[in-house]
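**Q** Every number in the working numbering is 123 more than the matching position in the sequence shown, counting from 1.
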Amino acid sequence: MTATKKIKKVLVANRGEVATRIIRACKELGIKTVAIYSEADANGIWVKKADEAYMITGDPIKAYLNYYKIVDLAKQARCDAIHPGYGFLSENADFAEYCEERGVIFIGPKPEHIRLFGDKIASKRAMREVGVPVLPGTLEPITDIEEGKKIAKEIGFPVIIKAAFGGGGRGMRIVEKEEDFERLFQAATSEAEKFFGRGDVFIEKYIKNPRHIEIQILADKYGNVIHLGERDCSIQRRHQKIVEIAPSPRLNNEVRRELYRVAVKSMFKLGYENAGTLEFLVDEDDNFYFIEMNTRLQVEHTITETITGIDIVQRMIQIAEGHKLPFLQEDIMFRGYAIEFRINAEDPTKDFAPSPGKITSYYSPGGPGVRVDATVYKDYIIPPYYDSMIAKLTVWALTWEQTVNRAKRALDEFQVRGVPTNLPLLRQLVRDPEFMEGKFDTGYLDRKLKEFKLSAKEDNPEDLATAIAAAIAAYHRI
Ligand code: MV4
Numbered sequence: 124m125t126a127t128k129k130i131k132k133v134l135v136a137n138r139g140e141v142a143t144r145i146i147r148a149c150k151e152l153g154i155k156t157v158a159i160y161s162e163a164d165a166n167g168i169w170v171k172k173a174d175e176a177y178m179i180t181g182d183p184i185k186a187y188l189n190y191y192k193i194v195d196l197a198k199q200a201r202c203d204a205i206h207p208g209y210g211f212l213s214e215n216a217d218f219a220e221y222c223e224e225r226g227v228i229f230i231g232p233k234p235e236h237i238r239l240f241g242d243k244i245a246s247k248r249a250m251r252e253v254g255v256p257v258l259p260g261t262l263e264p265i266t267d268i269e270e271g272k273k274i275a276k277e278i279g280f281p282v283i284i285k286a287a288f289g290g291g292g293r294g295m296r297i298v299e300k301e302e303d304f305e306r307l308f309q310a311a312t313s314e315a316e317k318f319f320g321r322g323d324v325f326i327e328k329y330i331k332n333p334r335h336i337e338i339q340i341l342a343d344k345y346g347n348v349i350h351l352g353e354r355d356c357s358i359q360r361r362h363q364k365i366v367e368i369a370p371s372p373r374l375n376n377e378v379r380r381e382l383y384r385v386a387v388k389s390m391f392k393l394g395y396e397n398a399g400t401l402e403f404l405v406d407e408d409d410n411f412y413f414i415e416m417n418t419r420l421q422v423e424h425t426i427t428e429t430i431t432g433i434d435i436v437q438r439m440i441q442i443a444e445g446h447k448l449p450f451l452q453e454d455i456m457f458r459g460y461a462i463e464f465r466i467n468a469e470d471p472t473k474d475f476a477p478s479p480g481k482i483t484s485y486y487s488p489g490g491p492g493v494r495v496d497a498t499v500y501k502d503y504i505i506p507p508y509y510d511s512m513i514a515k516l517t518v519w520a521l522t523w524e525q526t527v528n529r530a531k532r533a534l535d536e537f538q539v540r541g542v543p544t545n546l547p548l549l550r551q552l553v554r555d556p557e558f559m560e561g562k563f564d565t566g567y568l569d570r571k572l573k574e575f576k577l578s579a580k581e582d583n584p585e586d587l588a589t590a591i592a593a594a595i596a597a598y599h600r601i
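1) Just to check my reading of the structure: Ile330 and Leu401 have Cβ atoms closer than 8 Å, yes? What is that Cβ distance to the nearest angstrom?
2) Scan the stretch 235-307 and note each continuous alpha helix (DSSP H) run of 4 residues or more that stays entirely inside, going in chain order.
3) Is there contact here, the stretch 164-179 with the stretch 131-143, by at least three beta-carbon pairs under 8 Å?
4) Expressed to the nearest angstrom, what Euclidean distance is found between the alpha-carbon atoms of Leu393 and Glu560?
5) For Thr127, count neighbouring Cβ atoms within 10 angstroms of its own Cβ and tell me buried if that reaches 16, exposed if not.
6) For Arg529, collect the residues of the same chain with a Cβ closer than 8 Å to its Cβ; drop the 5 residues on either side in sequence, then sort them by chain order.
7) Spatial neighbours of Pro471 within its chain, please: CB distance less than 8 Å, with the 5 preceding and 5 following residues excluded, ordered by chain position.
8) Any chance the CB of Thr400 is under 7 Å from a heavy atom of the ligand MV4?
9) Between Gly292 and Arg238, what straight-line distance do the alpha-carbon atoms span, to the nearest angstrom?
10) Could you tell me whether the Cβ atoms of Glu469 and Glu423 are closer together than 8 Å?
11) My output table needs one value for Cys202: the three-state DSSP class, helix, strand or coil.
12) Taking Cβ to Cβ, would you say Tyr190 is nearer than 8 Å to Ser161?
13) Excluding the 5 residues flanking Tyr177 on each side, which residues of the same chain have their C-beta closer than 6 Å to its C-beta?
14) Is the beta carbon of Gly292 within less than 7 Å of some heavy atom of the ligand MV4?
15) Could you please give me the residues that DSSP links to Ser484 through a beta bridge?
16) Assuming Asn417 contacts Gly231 under a Cβ cut-off of 8 Å, what Cβ separation, rounded to an integer in Å, is found between them?
17) So, for Phe450: in the same chain, excluding its five sequence neighbours on each side, which residues have a beta-carbon less than 6 Å away from its beta-carbon?
18) Locate the beta strand (DSSP E) running through Asp164, then write down its first and last residues.
19) Please list, in chain order, all residues of the same chain as Ala149 whose beta carbon is under 6 Å from its beta carbon, the five residues on each side excluded.
20) Do you know offhand how far Val253's Cα is from Leu382's?
21) Can you give the beta carbon distance from Ala311 to Gly290, rounded, assuming they're within the 8 Å contact cut?
22) By the 10 Å Cβ neighbour count, where 16 or more other Cβ atoms means buried, how is Thr429 classified, buried or exposed?
23) Based on Cα-Cα distance, which residue from Ala342, Glu269, Phe318 and Asp242 lies nearest to Arg306?
24) Measuring CA to CA, which of Glu263, Met390, Phe475 and Arg248 is closest to Ala342?
25) Return the residue from the list Ala592, Ile591 and Pro556 that minimises the CA-CA distance to Phe575.
26) Is there contact here, the stretch 351-363 with the stretch 321-341, by at least three beta-carbon pairs under 8 Å?
27) Can you list, in chain order, the residues of its chain whose CB lies under 6 Å from that of Pro477, leaving out five sequence neighbours each side?
28) So Asp242 and Phe308 are in contact, right, with Cβ under 8 Å, and what is the actual spacing, rounded?
29) Between Pro259 and the ligand MV4, is the CB less than 7 Å from at least one heavy atom?
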């Protein structure tokens, strides 16, 4: 039995490059789109690319979070479905439930799974039950300090205290020795309370400088689950991913096969539906441990699309329509390597503070094996209310070495003027011998930042030549 309901019109409950990404997927499927935008986002490119667009007045951040208004709009505009993108409402189980209540399809997993994986303790317990390795630690929230200390001693220091409902490294503390336990437990609990409204924390064994490997899966409504391989997301700064790679250049093949096997099996057993990503830590001895699951489309989905040829956003929509997956695991071919670079408007000389402002000049790279997902254009003014990611560059080639060389070329072509960006940092990163060797873990970027020469100015020779050429041309036109 495959009951399907054709989606004819989608409301895109997001902004920026991901809003454009979803609109592109819909257009190719012959689906109409409705954009929303805040008062600060009237010049957003996604607003023009959608078939219809509606402003949500008031606070520019709350505009994308006000789900009663958004679902009302979807109903009024006769949308059958809502795609939440990432961030904002994408992992809000109440929102997914409310969509269902109002008869609008939420393009994503079932509310029960969003809720389960929003709770890191409950998800660890659920995954362990279906045969996925997790780190030694507590499977219940810890409220009593003395009990926590006793457990930490049993696990053995160092341990890590994590917020059950946390994210982005908030409410997380590494404890190296017993004397520090009380203080750091208090700190983690109060930070969790402050940021997530729930102070629940748990304790697990701390792995020093692990690799961060995640597995992308797709599951339809009929129990068909497939994986689309892994992404290596080890290159991060303060829990912000900067560069992601597929496949992981140095992952042992046996470990890789085992990761795929447990990912698919666990999602099948839990009855998961739509797109999802399982995050694992891999230690120096190649042991892997599940840490959390993302129940949404991710920023770095582009590298998986690039090596598989599968359009993840379109698959999400068709799964939500009730289609069976149109391919089996053995139909999926993995070809070459892909790297995604997040281009952020931020100032490396000011501790990477966001640097909104006007883009005075913009040139995006192209040519073979280059994909750009951007939200900016010349004269666009980056509003100060949102995150600083303005573009994603995804490069592809058959071998790892060719992919890195292509990355160097494409990053050199990329020109963004008017606001400082992390492009100079990325250009140095791809020239690091350890990067070329595929030697990186979650401590890599912090180590390299100490060596790199960080400047707010464009340091790209090609860019300088272009600027001089433009100046000469302008001069002769007078
Ligand atoms: C860990 C860990 C080491 N051991 N858990 C960081 C954010 C959250 N998603 C989980 N994180 C970590 N959990 C144990 N038991 C190290 C990290 C971690 C990390 C993980 C992935 C990517 C970058 C990271 C940077 C610092 C710490």
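Ideal Cβ placement from N, Cα and C applies to all residues, glycine included. The model shown is predicted, which means the values in this text are computed figures rather than measured ones.
**A** From the atom records:
1) Residue numbering aside, residue 330 sits at position 207 when the sequence shown is read from its first letter. Residue numbering aside, residue 401 sits at position 278 when the sequence shown is read from its first letter. Incorrect: roughly 17 Å between the Cβ atoms, too far for contact.
2) You should have 243-252 and 268-278.
3) The stretch 164-179 vs the stretch 131-143: in contact.
4) The count along the sequence shown starts at 1 and reaches residue 393 at position 270. The count along the sequence shown starts at 1 and reaches residue 560 at position 437. The alpha-carbon separation between Leu393 and Glu560 amounts to approximately 38 Å.
5) Walking along the sequence shown from the start, residue 127 turns up at place 4. Exposed, since its Cβ has fewer than 16 Cβ neighbours within 10 Å.
6) For the purposes of this step, residue 529 is identified with residue 406 of the sequence shown, where counting begins at 1. Correct list, in chain order: Pro491, Gly492, Val493, Val518, Trp519 and Ala520.
7) Mapped onto the sequence shown, residue 471 falls at position 348. Take Pro471, set aside five residues on each side of it, and the residues of its chain with a beta-carbon closer than 8 Å to its own are Pro543, Asn545, Pro547, Leu548, Leu577, Ser578 and Ala579, in chain order.
8) As a first step, residue 400 is located in the sequence shown; it is residue number 277 there, counting from the start. Because no heavy atom of the ligand MV4 lies under 7 Å away, the Cβ of Thr400 does not count as near it: no.
9) As a first step, residue 292 must be located in the sequence shown, where it is residue number 169. As a first step, residue 238 must be located in the sequence shown, where it is residue number 115. Cα to Cα, Gly292 sits roughly 20 Å from Arg238.
10) Counted from its first residue, the sequence shown places residue 469 at position 346. Counted from its first residue, the sequence shown places residue 423 at position 300. No.
11) Position 79 of the sequence shown, counted from the first residue, corresponds to residue 202. Of the three classes helix, strand and coil, the one that applies to Cys202 here is coil, per DSSP.
12) Along the sequence shown, one-based indexing puts residue 190 at 67. Along the sequence shown, one-based indexing puts residue 161 at 38. At least 8 Å separates the beta-carbon of Tyr190 from that of Ser161.
13) Indexing the sequence shown from 1 puts residue 177 at position 54. Correct list, in chain order: Ile159 and Leu196.
14) Within the sequence shown, residue 292 is the residue found at index 169, counting from 1. Yes, the Cβ of Gly292 comes within 7 Å of a heavy atom of the ligand MV4.
15) For the purposes of this step, residue 484 is identified with residue 361 of the sequence shown, where counting begins at 1. Its beta-bridge partners are Arg540.
16) Reading the sequence shown from its first residue, position 294 is the one you call residue 417. Reading the sequence shown from its first residue, position 108 is the one you call residue 231. With a contact defined as Cβ atoms closer than 8 Å, Asn417 and Gly231 miss out at about 11 Å.
17) Within the sequence shown, residue 450 is the residue found at index 327, counting from 1. Contacts found: none.
18) Within the sequence shown, numbered from 1, the residue matching residue 164 stands at position 41. Counting along the chain, Asp164 falls outside any beta strand (DSSP E), and DSSP gives it neither H nor E.
19) Looking up residue 149 in the sequence shown gives position 26. Looking at the sequence shown, residue 149 is not Ala but Cys. If we look at Cys149 and ignore the five residues flanking it on each side, its Cβ neighbours are Val133 and Thr156.
20) Numbered from its first residue, the sequence shown carries residue 253 at position 130. Numbered from its first residue, the sequence shown carries residue 382 at position 259. Straight across, the Cα-Cα distance linking Val253 with Leu382 is about 14 Å.
21) Position 188 of the sequence shown, counted from the start, is the residue given in the question as residue 311. Position 167 of the sequence shown, counted from the start, is the residue given in the question as residue 290. So it is not a contact: roughly 14 Å between Cβ atoms.
22) Translated into the one-based positions of the sequence shown, residue 429 becomes position 306. Under this definition Thr429 is a buried residue.
23) Counting from one through the sequence shown, the residue named residue 306 turns up at place 183. Nearest C-alpha to Arg306: Glu269.
24) Within the sequence shown, residue 342 is the residue found at index 219, counting from 1. Out of Glu263, Met390, Phe475 and Arg248, Met390 has the C-alpha closest to the C-alpha of Ala342.
25) The residue labelled residue 575 in the question sits at position 452 within the sequence shown. When only C-alpha atoms are compared, the closest one is Pro556.
26) Per the Cβ contact rule, the stretch 351-363 is in contact with the stretch 321-341 (3 or more Cβ pairs under 8 Å).
27) Against the sequence shown, residue 477 aligns to sequence position 354. So the list reads Glu469 and Ser511, once near-sequence residues are dropped.
28) For the purposes of this step, residue 242 is taken as the residue at position 119 of the sequence shown. For the purposes of this step, residue 308 is taken as the residue at position 185 of the sequence shown. That belief does not hold up - the Cβ atoms of Asp242 and Phe308 are roughly 19 Å apart, past 8 Å.
29) Locating residue 259 in the sequence shown gives position 136, counting from the first residue. Set against 7 Å, the gap from the CB of Pro259 to the closest heavy atom of the ligand MV4 is not smaller.
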